[in-house]
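Under this note's numbering, residue 325 is the last one in the sequence shown; the count climbs by one each step, no gaps.
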Amino acid sequence: MANINAGDEKLVFESSEAVKVVSTFDELGLKEDLLRGIYAYNFEKPSAIQQRAILPITKGRDVIAQAQSGTGKTATFSISILQSIDTTLRETQALVLSPTRELHPDPVCHSRARRLHERPVPRLHRWWLCSRPRFRDDVLEMTTKFMTDPIRILVKRDELTLEGIKQFFVAVEKEDWKFDTLCDLYDTLTITQAVIFCNTRRKVEWLTEKMRAANFTVASMHGDMVQKERDAIMQEFRGGSSRVLITTDVWARGIDVQQVSLVINYDLPSNRENYIHRIGRSGRFGRKGVAINFVTIDDVRILRDIEQYYSTQIDEMPVNAAELI
Numbered sequence: 001m002a003n004i005n006a007g008d009e010k011l012v013f014e015s016s017e018a019v020k021v022v023s024t025f026d027e028l029g030l031k032e033d034l035l036r037g038i039y040a041y042n043f044e045k046p047s048a049i050q051q052r053a054i055l056p057i058t059k060g061r062d063v064i065a066q067a068q069s070g071t072g073k074t075a076t077f078s079i080s081i082l083q084s085i086d087t088t089l090r091e092t093q094a095l096v097l098s099p100t101r102e103l104h105p106d107p108v109c110h111s112r113a114r115r116l117h118e119r120p121v122p123r124l125h126r127w128w129l130c131s132r133p134r135f136r137d138d139v140l141e142m143t144t145k146f147m148t149d150p151i152r153i154l155v156k157r158d159e160l161t162l163e164g165i166k167q168f169f170v171a172v173e174k175e176d177w178k179f180d181t182l183c184d185l186y187d188t189l190t191i192t193q194a195v196i197f198c199n200t201r202r203k204v205e206w207l208t209e210k211m212r213a214a215n216f217t218v219a220s221m222h223g224d225m226v227q228k229e230r231d232a233i234m235q236e237f238r239g240g241s242s243r244v245l246i247t248t249d250v251w252a253r254g255i256d257v258q259q260v261s262l263v264i265n266y267d268l269p270s271n272r273e274n275y276i277h278r279i280g281r282s283g284r285f286g287r288k289g290v291a292i293n294f295v296t297i298d299d300v301r302i303l304r305d306i307e308q309y310y311s312t313q314i315d316e317m318p319v320n321a322a323e324l325i
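In structure tokens, the structure reads:
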């Protein structure tokens, strides 16, 4: 997309060795038909992570790459794979692993999967592209066990705040007051589309029933639902027929619905690394987004920890929050 590069020029990357920065798709040496396809999808220039990661991947290097939500990581490995495969060979040439089922909805042919399991597998090039805002040291150490001299392309720690996403908190003295606060915000939620995050499946079900009993229209999704039901809910939400989705962290990673402009953390995430995944569901590809955190007295310490971890400041929500979306 044209505006995927919003804020890219402000990012500072650290890499394990000198990495060539390629500023245009034409300079990447891509196949002609692939290049036509890229421009047909209205991509004008590579994003910051694409400028650095595509070339070494297509040259066969193992790569560990990190960038913020909505900065083009999926296109990075997709373009690299399409450049590297031989379209005349009718066999499996690439394997993409995904953390959630929603990120790979296409069915797998089980007979082909069995044949892949039975045949010898040659050495694979590992293209490690991760949306985590920060790699833990133990994760980086683990990669040395199965990657060969990987190039590391990492966003500097102080560059990890998400451009275009305004972050606020609402002080709710008691847990019971969160529901009333959410009801007060409902008209704001439906300006575009909104995602409400809870920490548990039970909380998602409880809040969904409570909202519907109060005559509010909401959808919900969590990991214990059967896949067919989750697919139907996702299709409705993507299509805009449902505008408010209550969910767990199953929805926090990598899923892009362009109309989502507001994320509410009904519960602050139990894992602070999930915070940036959650709020990254809004403000995709340079668009504006708002994240609102419900904070009880017991949550203040968690909120301050998130602020310190990401070197950011989360202010109290203004009365004109609807105007910011």
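All C-beta atoms, glycine included, are put in the ideal place defined by N, C-alpha and C.
- Spatial neighbours of residue 323 in its own chain (CB-CB distance under 6 Å, excluding positions within 5 residues in sequence) are not present.
- Taking one beta carbon from each stretch, the region 166-175 and the region 296-308 have 3 or more pairs nearer than 8 Å; the two touch.
- Remark: C-beta atoms of residue 316 and residue 168 approach each other more closely than 8 Å.
- Looking at the DSSP output, residue 289 sits in a beta bridge with 165.
- Residue 205 and residue 143 have their C-alpha atoms spaced approximately 38 Å apart.
- Spanning the alpha carbons of residue 218 and residue 269 requires a straight line of approximately 21 Å.
- Between the alpha carbons of residue 201 and residue 223 lies a distance of about 8 Å.
- In this structure, residue 84 sits near residue 58, with a CB-CB distance shorter than 8 Å.
- Boundaries of the beta strand (DSSP E) around residue 264: 260-265.
- As a beta-bridge residue in DSSP terms, residue 221 pairs with 247.
- Taking residue 281 as the centre and dropping the five residues before and after it, the same chain places the C-beta of 195, 260, 263 closer than 6 Å to its C-beta, in chain order.
- Per DSSP, reduced to three states, the secondary structure at residue 32 is helical.
- Residue 243 is not a Cβ neighbour of residue 181, given a cutoff of 8 Å.
- Around the beta carbon of residue 278, a 10 Å sphere encloses 16 or more other beta carbons of the protein chains shown; the residue is thus reported as buried.
- Between residue 78 and residue 94, the alpha-carbon positions lie close to 10 Å from each other.
- A Cβ-Cβ contact shorter than 8 Å links residue 73 with residue 49.
- Per DSSP, residue 213 is one residue of the alpha helix (DSSP H) stretching across 201-213.
- In the three-state reduction of the DSSP assignment, residue 154 falls in the strand class.
- Within the DSSP secondary-structure output, residue 294 pairs in a beta bridge with 170.
- Annotation for residue 64: the continuous beta strand (DSSP E) segment containing it runs 63-66.
- Between the alpha carbons of residue 96 and residue 247 lies a gap of roughly 25 Å.
- Looking only at 171, 179, 76, 214, the smallest Cα-Cα distance to residue 38 is reached by 76.
- Counting other Cβ atoms within 10 Å of its Cβ, residue 150 reaches 16 or more and is therefore classed as buried.
- DSSP places residue 85 outside both helix and strand once states are collapsed to three, so it counts as coil.
- Contact check for residue 197 and residue 309: beta-carbon distance about 17 Å, past the 8 Å limit, so the pair fails to qualify.
- Counting only residues of its own chain and dropping the five nearest sequence neighbours on each side, residue 207 has a CB closer than 7 Å to the CB of 198, 246, 266.
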